[in-house]
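Notes for the one structure printed next.
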Amino acid sequence: MATTSFSKLLSQSPFLCLQIARTTSQILQIHAQLICRALLSDPFVASRLLFAVCELSNPSSVHLTAAYAELIFSQINHPNTFAWNTMIRFHSQPSNPLRALLFFSQMRKNGSFTDNYTYPFVLKACASMPGRREGVVVHGEVVKRGFDEDSFVRNGLISMYCRSGDVQLGRKIFDGYQSRDLVSWNSMIAGYVSCGEIGEAQKLFDAMPDRDAFSWAILIDGCGKKIGDVGRARELFDAMPVRDLVCWNSMIDGYAGLGMMGPARELFEAMPERNVISWSILIDGYVRHGDPKEALDIFQQMLHHGMKPDKVSAVGVISACAQLGTLDQGRWVHLYLKKNRILFDVVVQTALIDMYMKCGSLDLARRLFYSMRKRSVVTWNVMIVGLGANGYGGEAVELFYQMEKEGALMDDLTFLAVLTACAHAGLVTKGWEIFERMRSDFRITPKAEHYGCLVDLLGHAGRLHEARNVIETMPMKPTSTLWGSLLAACRTYRCVDLAEVSVEQLRNLGADDSGVYVLLSNIYAEEGMWDDVWRIRKLMSARGMKKEVGRSVIEVNGRVHEFVNGDVSHLEIFAVLWSLSNNVASV
DNA sequence: ATAGGGTTAG
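Numbered according to full-length UniProt numbering, the first sequence spans residues 1 to 587.
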């Protein structure tokens with residue numbers, strides 16, 4: 001087979017073999033043989049191999065490639081500058097800037113020479129680190145070595161300063177150039193875009209001597225996503241002489257980000273070629289703007305077109321399944337990923353857990369959660385939210401304590417989740433306690449939403465006056481949600497006085513929609529206060545208020561049905577409901 | 001130098 005012929009070739013001509021391997025993407029299969037043949041003892045061959053492996057990296061196999069690269073690197077006895085640079089370059093891609101800096105410091109400790117290929121990638125790694133201390137140090141070193149005359153290094157400096165928030169300094173370096181290349185213009189424009197200064201970006205764009213697809217793409221993306229001005233983005237898009245794939249995708253994402261799925265779809269259909277990213281943008285747009293059914297449809301179309309989904313598009317479908325509660329489809333995607341060896345990362349796993357939770361499959365969610373080696377805050381949050389929502393408030397709180405024990409990072413959503421779980425399970429004392437410790441032990445300032453949870457917590461337990469007290473004494477202005485929450489509790493515990501207070505407050509906030517009055521009139525009705533009921537009804541019709549139509553979605557045998565209140569066309573489902581209610585009645 | 005991803009009460 002291919003590998004055998006490679007190994008024959010290998011003994012005769014490793015260089016030829018490398019060349020072939022690079023062009024046929026077989027490099028990962030033959031590297032083991034290369035190692036076996038001790039070719040790595042030749043540092044030149046070794047670093048060529050390393051370079052080739054890194055070159056073949058693509059976003060969905062980056063972890064695999066990283067492992068291979070590290071393996072090969074560890075086999076090299078005396079790495080040369082080229083080998084070090086290759087590792088730094090590889091890790092300076094968004095994947096792992098910290099590791100890139102680590103290799104850089106080891107490189108110097110090792111006494112290897114740094115050259116003008118080293119610094120641009122080190123600077124790139126610095127740019128994606130928080131703070132800019134390392135960047136400044138490297139800048140100093142670059143100047144001392146005289147490498148700041150090199151345009152690669154200079155452009156690196158510009159984008160490093162822009163990305164770490166100091167556009168002025170970036171601009172100073174840019175202005176200090178005698179001769180600027182296209183990349184320096186583009187870097188500077190991208191710098192302005194990334195900190196929201198579109199006006200300055202536009203000025204440079206207009207002033208530059210010539211533009212390439214990058215220049216246009218940067219500005220289109222900036223207008224679309226950064227400031228939400230798709231109109232301007234579209235003007236630029238239409239004015240472009242030659243549009244590349246990235247520009248199409250940026251433009252489509254501009255629309256999708258604002259929920260303008262019509263124009264997004266139109267462009268998508270019109271584009272000359274699409275990649276996974278184009279499909280992902282569309283799927284994600286539908287998911288995030290309330291049409292998960294369409295997202296599933298697009299995903300099916302994607303498979304039909306022979307486009308292989310990657311983990312990002314998978315996350316899109318999984319969220320769609322989560323929103324719809326379509327367990328079958330979700331499991332199918334899970335299996336698909338496994339079968340096609342698409343590597344799971346934390347994000348995919350978290351999306352899956354969320355999906356299983358929202359579909360009510362606690363066991364599958366738990367199994368996945370406990371099998372994970374690494375979890376992010378979001379993973380924990382999803383788990384706590386899911387347990388709470390499925391009625392396992394106690395387990396949710398336990399998970400919170402486990403989180404604390406493991407010293408896992410927490411954020412404000414963690415507290416929102418655990419407090420909500422407490423409210424659901426009626427764990428008032430635990431909830432209070434956690435709320436109290438939030439600021440002191442965890443240094444997280446409660447936001448309005450957290451006070452909302454507290455109000456919910458007290459409201460669910462019938463402690464309405466304490467709930468009102470929380471609303472009136474909290475440090476920020478109460479939002480309408482809080483009064484709404486109190487109002488809901490007033491209905492459960494039949495408290496007319498506080499209900500009226502809440503509605504009054506809601507009206508002051510201009511948040512008295514039809515739901516508020518329906519609730520109030522229900523409270524009156526339950527207390528037999530019919531005069532008040534009629535007063536509210538009249539008030540509502542005078543304002544032209546109507547009850548909104550209820551909708552829901554269900555999956556039966558893999559098909560998704562949408563219900564609208566009053567619609568009786570789903571016969572088979574009504575048959576099930578009917579037999580269910582008969583069974584319940586006969587118990 | 002440019003394009004896509006996970007969590008929020010009812």
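Virtual Cβ for every residue (Gly too), placed ideally from N, Cα, C.
Computed from a predicted structure; not experimentally measured.
Three-way DSSP call (helix, strand, coil) for residue i in this model
i: residue 594; result: Past the edges of the chain, shown from 1 to 587, lies residue 594, and the structure says nothing about it.
i: GLN505; result: helix
i: HIS289; result: coil
i: VAL533; result: helix
i: ARG243; result: coil
i: HIS78; result: coil
i: PRO263; result: helix
i: LYS374; result: coil
i: ALA511; result: coil
i: THR114; result: coil
i: GLY165; result: coil
i: GLU70; result: helix
i: GLU395; result: helix
i: LEU64; result: helix
i: MET271; result: coil
i: GLY179; result: The question names Gly, but residue 179 is Ser in the sequence shown. Of the three classes helix, strand and coil, the one that applies to SER179 here is coil, per DSSP.
i: ARG367; result: helix
i: ASP42; result: coil
i: ILE227; result: coil
i: GLU197; result: coil
i: GLY360; result: coil
i: ASP284; result: helix
i: ASN390; result: coil
i: ASP212; result: coil
i: GLY135; result: helix
i: ARG494; result: coil
i: GLY156; result: helix
i: LEU101; result: helix
i: GLY257; result: helix
i: HIS236; result: The sequence as given places Leu at residue 236; His does not occur at that position. LEU236: helix per DSSP, three-state reduction.
Span separating the alpha-carbon of residue i from that of residue j
i: GLY484; j: SER128; result: 43 Å
i: ALA488; j: TYR392; result: 22 Å
i: SER179; j: GLN202; result: 21 Å
i: ALA365; j: ARG341; result: 20 Å
i: VAL397; j: GLU472; result: 28 Å
i: ARG154; j: ARG163; result: 14 Å
i: GLY360; j: VAL385; result: 12 Å
i: LEU182; j: PHE214; result: 9 Å
i: VAL122; j: LEU204; result: 27 Å
i: VAL346; j: LEU352; result: 10 Å
i: VAL584; j: ASN390; result: Residue confidence is low: VAL584 scores 44 on pLDDT, short of 50, so the model does not pin down where it sits. No coordinate-derived value is stated.
i: CYS223; j: ASP229; result: 5 Å
i: LEU454; j: ALA542; result: 35 Å
i: ASP115; j: PHE147; result: 8 Å
i: ALA467; j: ALA461; result: 10 Å
i: TRP279; j: LEU219; result: 22 Å
i: GLY176; j: GLY135; result: 19 Å
i: PHE456; j: ASP497; result: The displayed chain sequence assigns Asp, not Phe, to residue 456. Distance between the alpha carbons of ASP456 and ASP497 is about 18 Å.
i: SER514; j: PRO120; result: 60 Å
i: ALA421; j: ILE444; result: 18 Å
i: TYR192; j: VAL470; result: 44 Å
i: VAL138; j: GLY111; result: 17 Å
i: LEU174; j: SER184; result: In the sequence as presented, Leu is not what sits at residue 174; that position holds Phe. When rounded, the distance between both Cα atoms is 7 Å.
i: ASN77; j: VAL62; result: 25 Å
i: VAL587; j: ASP363; result: Summary for VAL587: the model assigns pLDDT 36, below 50, so the residue's position carries little reliability; its value from the coordinates is reported in the next sentence. Each residue's alpha carbon lies about 29 Å from the other.
i: VAL348; j: SER376; result: 11 Å
i: ASP212; j: PRO241; result: 10 Å
Distance between beta carbons of residue j and residue i, contact taken as under 8 Å
i: GLY316; j: ALA295; result: 6 Å
i: GLY285; j: MET307; result: At roughly 17 Å, the Cβ-Cβ gap does not stay under 8 Å, so GLY285 and MET307 are not in contact.
i: THR350; j: VAL333; result: Their Cβ separation, rounded to whole angstroms, is 14 Å, which puts THR350 and VAL333 out of contact at 8 Å.
i: ALA100; j: ILE72; result: ALA100 to ILE72, Cβ: 17 Å. No contact.
i: residue 670; j: LYS124; result: The question about residue 670 has no answer here: the residues shown for the chain are numbered 1 through 587.
i: ILE88; j: THR118; result: 7 Å
i: ARG244; j: LYS225; result: Checking the sequence, you will find Asp at residue 244 rather than Arg. At roughly 18 Å, the Cβ-Cβ gap does not stay under 8 Å, so ASP244 and LYS225 are not in contact.
i: TYR524; j: ASP512; result: About 15 Å; that fails the 8 Å criterion.
i: LEU50; j: THR86; result: 5 Å
i: ALA217; j: CYS247; result: 5 Å
What ranges does the alpha helix (DSSP H) occupy inside the region 400-487, keeping only unbroken runs of at least 4 residues that lie completely in it? 412-425, 428-442, 448-460, 464-473
Counting only runs of 4+ residues fully inside the region 293-350, write out the alpha helix (DSSP H) ranges in chain order. 311-324, 327-339
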